[in-house]
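Engineer: Chain order of the listed sequences is A and B.
If you count by UniProt numbering, then the first sequence holds residues 1 to 545, one letter each, in order.
If you count by UniProt numbering, then the second sequence holds residues 1 to 544, one letter each, in order.
C-beta: ideal position from N, C-alpha, C; glycine also.
Source: prediction; values computed, not measured.
Sharing a structure below in structure tokens format, with a few things to ask.
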Amino acid sequence: MFATLKFAALLLAVVVCWATQDYDYNDAEIDEEPTLGDSPYGSLWPLPQKVKISTVVFKLSGASFHIFDAKESSSGASCRLLQNAYRRYDEYIFTSSRKQGQNKSKKALASDMSELQVWITSADSECDSYPSVTSDESYKLSVDSPVAVLKAPKVWGALRGLETFSQLVYKDEYGAKSINRTDIHDFPRFAHRGLLLDTSRHFLPIKVILANLEAMAWNKFNVFHWHIVDDPSFPYLSRTFPQLSQHGAYHPYTHVYTPSDVKMIIEFARLRGIRVVPEFDTPGHTQSWGKGQKDLLTPCYSGASPSGSFGPVNPMLNTTYDFMSMFFKEVNTVFPDAYVHLGGDEVDFSCWKSNPDIQKFMEQQGFGMDYSKLESFYIQRLLDIITTTNKGYMIWQEVFDNGVKLKSDTVVHVWMGNKVEEELQKVTEAGFTTILSAPWYLDYISYGQDWQKFYRAEPLSFKGTDAQKKLVIGGEACLWGEYVDATNLTPRLWPRASAVGERLWSDRDVRDLNDAYSRLAKHRCRMVQRGIPAEPLFTGYCAHE
Amino acid sequence: MIATLKFTALLLAVVVCRATQDYGYKDVEEPTLGDSQYGSLWPLPQKVQMSTVAFKLSGVSFQIVDAKESSSGASCSLLQNAYRRYDEYIFPISRMQGQNKKKAFASVSELQVWITSADSECDNYPSVTSDESYKLSVDSPVAVLKAPKVWGALRGLETFSQLVYEDEYGAKSINRTEIQDFPRFTHRGLLLDSSRHFLPIKVILANLEAMAWNKFNVFHWHIVDDPSFPYMSRTFPQLSQQGAYHPYTHVYTPSDVKMIIEFARLRGIRVVSEFDTPGHTQSWGKGQKDLLTPCYSGASPSGSFGPVNPILNTTYDFMAMFFKEVSTVFPDAYIHLGGDEVDFSCWKSNPDIQKFMAQQGFGTDYSKLESFYIQRLLDIVTTTNKGYMIWQEVIDNGVKLKSNTVVHVWMGNKFEEELQKVTEAGFTTILSAPWYLDYISYGQDWQKYYKVEPLSFNGTDAQKKLVVGGEACLWGEYVDATNLTPRLWPRASAVGERLWSDKDVKDTNDAYSRLIQHRCRMVQRGIPAEPLFTGYCAHEYKGV
Numbered sequence: 001m002f003a004t005l006k007f008a009a010l011l012l013a014v015v016v017c018w019a020t021q022d023y024d025y026n027d028a029e030i031d032e033e034p035t036l037g038d039s040p041y042g043s044l045w046p047l048p049q050k051v052k053i054s055t056v057v058f059k060l061s062g063a064s065f066h067i068f069d070a071k072e073s074s075s076g077a078s079c080r081l082l083q084n085a086y087r088r089y090d091e092y093i094f095t096s097s098r099k100q101g102q103n104k105s106k107k108a109l110a111s112d113m114s115e116l117q118v119w120i121t122s123a124d125s126e127c128d129s130y131p132s133v134t135s136d137e138s139y140k141l142s143v144d145s146p147v148a149v150l151k152a153p154k155v156w157g158a159l160r161g162l163e164t165f166s167q168l169v170y171k172d173e174y175g176a177k178s179i180n181r182t183d184i185h186d187f188p189r190f191a192h193r194g195l196l197l198d199t200s201r202h203f204l205p206i207k208v209i210l211a212n213l214e215a216m217a218w219n220k221f222n223v224f225h226w227h228i229v230d231d232p233s234f235p236y237l238s239r240t241f242p243q244l245s246q247h248g249a250y251h252p253y254t255h256v257y258t259p260s261d262v263k264m265i266i267e268f269a270r271l272r273g274i275r276v277v278p279e280f281d282t283p284g285h286t287q288s289w290g291k292g293q294k295d296l297l298t299p300c301y302s303g304a305s306p307s308g309s310f311g312p313v314n315p316m317l318n319t320t321y322d323f324m325s326m327f328f329k330e331v332n333t334v335f336p337d338a339y340v341h342l343g344g345d346e347v348d349f350s351c352w353k354s355n356p357d358i359q360k361f362m363e364q365q366g367f368g369m370d371y372s373k374l375e376s377f378y379i380q381r382l383l384d385i386i387t388t389t390n391k392g393y394m395i396w397q398e399v400f401d402n403g404v405k406l407k408s409d410t411v412v413h414v415w416m417g418n419k420v421e422e423e424l425q426k427v428t429e430a431g432f433t434t435i436l437s438a439p440w441y442l443d444y445i446s447y448g449q450d451w452q453k454f455y456r457a458e459p460l461s462f463k464g465t466d467a468q469k470k471l472v473i474g475g476e477a478c479l480w481g482e483y484v485d486a487t488n489l490t491p492r493l494w495p496r497a498s499a500v501g502e503r504l505w506s507d508r509d510v511r512d513l514n515d516a517y518s519r520l521a522k523h524r525c526r527m528v529q530r531g532i533p534a535e536p537l538f539t540g541y542c543a544h545e
Numbered sequence: 001m002i003a004t005l006k007f008t009a010l011l012l013a014v015v016v017c018r019a020t021q022d023y024g025y026k027d028v029e030e031p032t033l034g035d036s037q038y039g040s041l042w043p044l045p046q047k048v049q050m051s052t053v054a055f056k057l058s059g060v061s062f063q064i065v066d067a068k069e070s071s072s073g074a075s076c077s078l079l080q081n082a083y084r085r086y087d088e089y090i091f092p093i094s095r096m097q098g099q100n101k102k103k104a105f106a107s108v109s110e111l112q113v114w115i116t117s118a119d120s121e122c123d124n125y126p127s128v129t130s131d132e133s134y135k136l137s138v139d140s141p142v143a144v145l146k147a148p149k150v151w152g153a154l155r156g157l158e159t160f161s162q163l164v165y166e167d168e169y170g171a172k173s174i175n176r177t178e179i180q181d182f183p184r185f186t187h188r189g190l191l192l193d194s195s196r197h198f199l200p201i202k203v204i205l206a207n208l209e210a211m212a213w214n215k216f217n218v219f220h221w222h223i224v225d226d227p228s229f230p231y232m233s234r235t236f237p238q239l240s241q242q243g244a245y246h247p248y249t250h251v252y253t254p255s256d257v258k259m260i261i262e263f264a265r266l267r268g269i270r271v272v273s274e275f276d277t278p279g280h281t282q283s284w285g286k287g288q289k290d291l292l293t294p295c296y297s298g299a300s301p302s303g304s305f306g307p308v309n310p311i312l313n314t315t316y317d318f319m320a321m322f323f324k325e326v327s328t329v330f331p332d333a334y335i336h337l338g339g340d341e342v343d344f345s346c347w348k349s350n351p352d353i354q355k356f357m358a359q360q361g362f363g364t365d366y367s368k369l370e371s372f373y374i375q376r377l378l379d380i381v382t383t384t385n386k387g388y389m390i391w392q393e394v395i396d397n398g399v400k401l402k403s404n405t406v407v408h409v410w411m412g413n414k415f416e417e418e419l420q421k422v423t424e425a426g427f428t429t430i431l432s433a434p435w436y437l438d439y440i441s442y443g444q445d446w447q448k449y450y451k452v453e454p455l456s457f458n459g460t461d462a463q464k465k466l467v468v469g470g471e472a473c474l475w476g477e478y479v480d481a482t483n484l485t486p487r488l489w490p491r492a493s494a495v496g497e498r499l500w501s502d503k504d505v506k507d508t509n510d511a512y513s514r515l516i517q518h519r520c521r522m523v524q525r526g527i528p529a530e531p532l533f534t535g536y537c538a539h540e541y542k543g544v
């Protein structure tokens, strides 16, 4: 018997009482005797596009179960990405040490499942590539006895399918690892599913970044938007301009990311199908740049003399553009992703206004008193520089709003809380690709279950043609760093970001809060069990605790 | 030069930029912008005189010792344990070995701890009347900490450790300092809720440790409630067997409780247990048949249960036995009996209750029934020789209370009027209404907690004296072992200073500078206290 895509609609209060009492996926009789509040989809998160779960249960033997490359797979034992993933998921499934010895005699249980075969179907598995916005993350998973098969055109889909497979495994009442006969066909609704972390307002130790990349993979996120520098500190160690971090970081060698740190983070992310998109935000948000790079920032004036403080990047000096050109040339080689985020948000004009040289320049250029024209002048030249590095760029919405001329493949990042839908409409009307963050500023905390608010956001609710909607390629959850550091970042982020993860991966119609609550409570317990201190959704406990 | 009790008033923005750059205590003569002249002291002592003369503390020779004249000697394990603890805080990296030959610098070679009263109370439990005062005199070659009782010595040791800083070469340093200190309020509590989420022992212990650093002295243990009953009762073991989230992994055994109480005692912290009735008792009903009121749906029982059933004698027999046990397990002189948020709908639905109401002449006023229950419960608890604390509803409903009852004011609206009423009626009271730390919001909400003034209500001096303190409450709906500690600290620290320091200590900028450093110190000592704002701690990530 198959349970089809249909959700129980039960009172949240009931869900609260029940869902938190059992972490384990509760037996198979899904349609027959539905347990109050338990989702028919167990602990799956985000919910796959098409799921059929049968009541037939198989056991996974700790002694014999293995994840293998399928014979037909285009990817073999030399694909480190997959081999690493097999090891990871093996450990997740058999958290306690596996039993030793041969699984000799009796396969008493005809219902054993002995292996998961991973079959990369296209000729190029992309095993050694970096993921990109066009990477194929689709997969098909068929769980049956004695063999489960995971088919995916590329390794990226295999990674997603392995996570899904691990989420299907549960303990029966005797503690035996079990899995139901299941068929899944899955692919993401949006291609860009990102998480922004801010390493400037507080330095984040490497291990915190790695732990959260791991959690991202469990939630099928695929972009780490690394807001690496900003006003307060410059932790990026530039080979070309080492003085930037020497003077601009909180500490010149304990609070920096060295080239090898960056490399490690990028590789760790790649192995999980996650892109690393760095953001070097200019011309505003650059106070820390000025400490190591003389004359880069605009000197502010108090009356007729310099006040000693500095404003945005100085847009009228050629040295500025020489610097940017060299700097982004380096960034281009350090970060393999096809995109770099150039920021461009929240430029404060007061310092520019105070500076007599800038005033003169404005006059010469015929900008009048419109300083957004000066901003655009700067951005335009910056974009021209980036274009020569063959990178695409992402920018915050102000750049578009100010009418800067953008390359057609620019991604416009919508973040302002008011009039989100109008902005999406305008940006896509102009033909630009866009991603959405406005409803997902996770640094704004409030009492209670705010994950529901994040979950309910619908990125395509704006007015527009189908072609326009197609230009919305995803979104990002943003955890700005004013109030988070290594002490509290991880529990504040998870499972709140998980809500965004499902919104960006699952079908548009997956929006039943009660069903989501039941699955998310279990998914959160699974994250805790795997070592991420994800905070509780509500009163209760995890079975594994 | 002596810096007296006076605060700098600088722009917060400036503090943000500068104060986060240096954890180390800065010279007083040339005050760095935004750095408090009181360094990292938290909560601020009542009287502080700090000189610019700095001494070194030698990692080889510095020791904390009992003063010869002290009434408390090496047999006082409370103090010996504290010496060890504070030695480790002051010298977190392993101390240098070997002889300390030449004294190139003026140094402090020992801190003498001198208990001045004949009875040090070393082996007692702390109480609401415990003397926590102390005098600390830091000079070369000897610093002296004088306190009438061990409780003051514990507070003074914390203060001493907060005076130590690293100079620019990393040498442990301390300025010549005179401090005379005592708490403004005697009840400075923190409520943790181990029912909505079970809190592992080590989480409770870690937070008791942090409480001591913030001079809190009451752990209000909201141990059971509707969702679960983790207290393992010797008399009624079925309560936790059936009512806990798990019968043996999610319970506090008698030895767990004993350990927590002793761990707290060693830090001068009382453990006041709360067994809230007649509401908030769903989990009690799982293990104790007929304790709760059966709710009715029309003419027949609905299968669900309401508050404790107040009309059965068996209820009071149970309570008498149960609280007899509680009174022996928890040595504190007070028990918190709850009494909040009783939902009358179930009582109303039950025909037996209706009949009882008519017999008693209560009409349809169910608060009279609640009072009837509470009154009998209080009589029972009185026989155990315990005092009791209750949530404000009990007095609002006019229940007759013993004169030493402590009324706990928690309702957010009109708490000043409530304080006025309660103290007018002559009752001792503690305040929690402004300090519900489970209500989180964006930004620096510690300032909101800090700005509260518990004695701002209209009343006579005698009334104000009845306010013995307050408690920060972290209810458990949204916190467990994964997020409790960073959510609690340093937000609770704001309440800690409000309850310890002088009424006039309310300069938010000065507090901000000290609290940033205090927070970094907590992180360094192993408590993941969350950041106040953008910045970093100087000790962070060293060697990682």
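(1) Once DSSP output is grouped into helix, strand and coil, what is the label at V60/B?
(2) Would you verify that the beta carbon of L537/A is, or is not, closer than 9 Å to some beta carbon of chain B?
(3) Which residue comes first and which comes last in the beta strand (DSSP E) that contains G387/B?
(4) Taking beta-carbon pairs under 8 Å, can you tell me which members of the segment 483-500 of chain A lie near chain B?
(5) Taking its Cβ as the centre, do 16 or more other Cβ atoms sit within 10 Å of R201/A, making it buried, or is it exposed?
(6) Between K47/B, Q524/B, P148/B, which has its C-alpha nearest S117/B's C-alpha?
(7) For T388/A, is the classification buried or exposed, using 16 other Cβ atoms within 10 angstroms of its Cβ as the cut-off for buried?
(8) Leaving out five residues before and five after S111/A in sequence, what residues of the same chain have Cβ atoms less than 8 Å from its Cβ?
(9) Under 9 Å, CB to CB, which of the residues in the segment 190-215 of chain A have a partner in chain B?
(10) At what residues does the alpha helix (DSSP H) containing K465/B begin and finish?
(11) Would the segment 305-325 of chain B and the segment 389-402 of chain B be scored as touching if the rule is three or more Cβ pairs under 8 Å?
(12) Return the bridge partner residues of V362/A from the DSSP annotation.
(13) Check whether chain B comes within 9 Å of G540/A, counting only Cβ atoms and requiring the distance to be less than that.
(14) Would you call R491/B buried or exposed, if buried means 16 or more other Cβ atoms sit within 10 Å of its Cβ?
(15) Can you tell me whether Y253/A is buried or exposed? The criterion is at least 16 other CB atoms within 10 Å of its CB, across all chains shown.
(16) Let me know the secondary structure DSSP gives P536/A once reduced to three states.
(17) Any idea what DSSP makes of G287/B, helix, strand or coil?
(18) Beta-carbon separation of S371/B and P43/B under 9 Å?
(19) State buried or exposed for Y442/B, treating a residue as buried only when at least 16 other CB atoms are found within 10 Å of its CB.
(20) Taking the alpha carbon of T235/B as the reference point, which residue from F323/B, G189/B, A212/B, T281/B has its own alpha carbon closest?
(21) Verify whether the separation of the beta carbon atoms of E476/A and W505/A is less than 9 Å.
(22) Quick check: what's the CA-CA separation for residue 582/B versus Q463/B?
(23) Determine, using beta carbons only, whether R193/A and K220/A come nearer to each other than 9 Å.
(24) Identify the contact partners of A338/A in chain B, using a Cβ-Cβ distance below 9 Å as the criterion.
(25) Quick one: measure Cβ to Cβ for Y139/A and A158/A, integer angstroms, because I've assumed they're closer than 8 Å.
(26) Please work out which residues of its chain come closer than 6 Å, Cβ to Cβ, to A358/B, disregarding the five sequence neighbours upstream and downstream, and give them in chain order.
(27) From this set, A338/A, A304/A, M324/A, which residue's C-alpha is nearest C351/A's C-alpha?
(28) Taking the C-alpha atoms as reference points, what is the distance between L5/A and K50/A?
(29) Would a check of beta-carbon distances place D38/A closer than 9 Å to chain B?
(30) Within 9 Å (strictly less), CB to CB, does E267/A reach chain B?
(31) Applying the criterion that 16 or more other CB atoms from any shown protein chain within 10 Å of the CB defines a buried residue, is Q293/A buried or exposed?
Structural biologist: On the basis of the supplied data:
(1) coil
(2) Using a CB distance cut-off of 9 Å, L537/A counts as an interface residue toward chain B.
(3) Its beta strand (DSSP E) spans residues 387-391.
(4) Y483, V484, D485, A486, T487, N488, P491, R492
(5) buried
(6) Answer by Cα proximity: P148/B.
(7) exposed
(8) V56, V57, F58, K59, S145
(9) Of all residues in the segment 190-215 of chain A, only S200, R201, H202, F203, P205, I206, K207 come within less than 9 Å of chain B when Cβ atoms are compared, listed by chain position.
(10) 461-465
(11) no
(12) Checking the sequence shown, residue 362/A turns out to be Met, not Val. DSSP, once it has assigned bridges, lists no residue as partnering M362/A.
(13) yes
(14) buried
(15) Classification of Y253/A: exposed, given that the 10 Å Cβ count is below 16.
(16) coil
(17) helix
(18) Contact flag unset, no.
(19) exposed
(20) F323/B
(21) no
(22) In the structure as shown, chain B begins at 1 and stops at 544. Residue 582/B is therefore absent and cannot be evaluated.
(23) yes
(24) In chain order: nothing, as chain B lies at least about 31 Å away.
(25) The C-beta separation of Y139/A from A158/A comes to about 6 Å, placing the pair in contact by the 8 Å criterion.
(26) none
(27) A304/A
(28) Unreliable placement is indicated for L5/A, whose pLDDT of 33 sits below 50; no coordinate value is reported for it.
(29) So no, D38/A is outside the interface.
(30) no
(31) buried
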